[in-house]
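Comments concern the structure below.
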Amino acid sequence: MTDVVLPCLNEAAALPDLLRRMPDGFRAIVADNGSADGSPEIARSHGARVVVVPERGYGAAVHAGLLAADPAGGVVCVMDADGSFDPADLPRLAEPVLAGEADLTCGRRRPTEARAWPLHARLGNAVLARRIRRDTGVAVHDIAPMRAARRDALLGLGLRDRRFGYPLELLLAAARDGWRIAELDVAYHPRAAGTRSKVTGTVRGTLRAVADMRAVLAR
Numbered sequence: 001m002t003d004v005v006l007p008c009l010n011e012a013a014a015l016p017d018l019l020r021r022m023p024d025g026f027r028a029i030v031a032d033n034g035s036a037d038g039s040p041e042i043a044r045s046h047g048a049r050v051v052v053v054p055e056r057g058y059g060a061a062v063h064a065g066l067l068a069a070d071p072a073g074g075v076v077c078v079m080d081a082d083g084s085f086d087p088a089d090l091p092r093l094a095e096p097v098l099a100g101e102a103d104l105t106c107g108r109r110r111p112t113e114a115r116a117w118p119l120h121a122r123l124g125n126a127v128l129a130r131r132i133r134r135d136t137g138v139a140v141h142d143i144a145p146m147r148a149a150r151r152d153a154l155l156g157l158g159l160r161d162r163r164f165g166y167p168l169e170l171l172l173a174a175a176r177d178g179w180r181i182a183e184l185d186v187a188y189h190p191r192a193a194g195t196r197s198k199v200t201g202t203v204r205g206t207l208r209a210v211a212d213m214r215a216v217l218a219r
């Protein structure tokens with residue numbers, strides 16, 4: 001069984017369809033970061049395990065989900081809970097890690113339509129990815145909110161960021177430790193109606209994400 005960590009903050013509108021489409025052999029762990037819309041109850045009613053994460057932040061939710069994942073399972077996937085990714089891509093993402101061909105697989109987002117990924121967010125992602133390529137030599141093109149790796153190896157990186165800088169810190173730490181990193185194209189859809197991006201959905205969210213990632217790069 002492969003655990004799938006779904007960091008969650010007010011994703012009630014997306015969870016039912018997302019959890020119904022979870023592939024066989026993949027088990028959802030919803031790491032709830034303080035939802036006020038009934039997300040935990042909806043997740044439980046659709047068979048997901050729910051982990052309550054009092055500390056706010058994307059990295060805090062992912063870290064709590066990793067701790068809750070089954071150590072015997074080995075590989076853990078992480079995917080946004082807003083409906084923008086297709087769970088059908090999870091087996092393809094996990095397979096190279098399961099087969100020992102990669103230490104980390106990253107989903108390179110391919111928007112299905114323009115509104116799926118706002119231009120300013122796409123440009124910001126491209127700038128960060130270029131910085132990673134320049135500083136580490138690892139050929140990544142996306143900060144990868146959808147990814148797969150072995151649970152113990154992820155925890156062993158000792159990542160400290162608990163906010164929006166977590167995915168960037170993960171890529172930098174994995175490159176530093178010589179991980180074999182592979183990118184696979186994944187479809188990126190508009191997020192489910194009734195949900196809002198915590199980063200691009202508000203000016204405050206965007207500024208916070210920029211600050212978090214600058215802090216990671218400054219270390």
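Position 67, counted from 1, in the sequence shown is what UniProt numbering calls 67; the numbers after and before it change by one each time, with no gaps.
All residues carry an ideal CB built from backbone N, CA and C; glycine is no exception.
(message) Is it buried or exposed, leucine 123, if we count other Cβ atoms within 10 angstroms and call 16 or more buried?
(response) exposed
(request) Please determine, among Met146, Ala192 and Ala173, the residue with the shortest C-alpha to C-alpha distance to glycine 156. (result) Ala173
(request) Spell out a yes or no on whether the stretch 147-156 and the stretch 46-61 are touching, meaning 3 or more CB-CB pairs, one atom from each, closer than 8 angstroms. (result) no
(message) Please identify the residue among Leu98, Phe26, Phe164 and Thr112 whose C-alpha is closest to the C-alpha of glycine 47.
(response) Phe26
(request) Output the distance between the C-alpha atoms of asparagine 33 and cysteine 8, rounded to the nearest integer angstrom. (result) 6 angstroms
(request) Could you pull out every residue in the same chain whose Cβ sits closer than 8 angstroms to the Cβ of arginine 20, ignoring the five residues on either side in sequence? (result) His46
(request) In angstroms with no decimal places, state the Cα-to-Cα distance between glutamate 169 and glutamate 41. (result) 31 angstroms
(request) Using DSSP bridges, identify the partner residues of residue 220. (result) The structure shown does not extend to residue 220, since the chain is modelled only from 1 to 219, so the question has no answer here.
(request) Name the one or two DSSP bridge partners that arginine 108 has. (result) Asp185
(request) Give the secondary structure of arginine 49 by DSSP, where H, G and I count as helix, E and B as strand, and everything else as coil. (result) strand
(request) Go ahead and label glutamate 183 buried or exposed: buried means 16 or more other beta carbons lie within 10 angstroms of its beta carbon, across all protein chains shown. (result) buried
(message) Would leucine 104 and alanine 139 qualify as a contact pair, given that the criterion is a beta-carbon distance under 7 angstroms?
(response) no
(request) Closer than 6 angstroms by C-beta to aspartate 185: which residues in its own chain qualify, once you throw out the five before and the five after it? Chain order, please. (result) Arg108 and Arg110
(request) Say whether the stretch 58-75 touches the stretch 159-166, bearing in mind that this needs 3 or more beta-carbon pairs closer than 8 angstroms, one atom from each stretch. (result) yes
(request) Go ahead and label arginine 214 buried or exposed: buried means 16 or more other beta carbons lie within 10 angstroms of its beta carbon, across all protein chains shown. (result) exposed
(request) Could you check what DSSP says for arginine 219 in three-state terms: helix, strand or coil? (result) coil
(message) Quick check on glycine 100: buried or exposed, where buried means 16 or more other Cβ atoms within 10 Å of its Cβ?
(response) exposed
(request) Compute every distance between the C-beta of leucine 119 and the non-hydrogen atoms of the ligand COA, then say whether any falls below 6 angstroms. (result) With respect to the ligand COA, the structure shown offers nothing to examine, as it has no ligands at all.
(message) With DSSP as the reference, identify every bridge partner of aspartate 32, one or two as the case may be.
(response) Cys8 and Val52
(request) For glycine 201, I'd like the list of residues in its chain whose CB is within less than 7 angstroms of its CB, leaving aside the five on either flank, ordered along the chain. (result) With a pLDDT of 48 at glycine 201, under the threshold of 50, the predicted position of this residue should be treated as unreliable, and no value is reported.
(request) Provide the residue span of the beta strand (DSSP E) that contains arginine 150, from first to last. (result) 147-150
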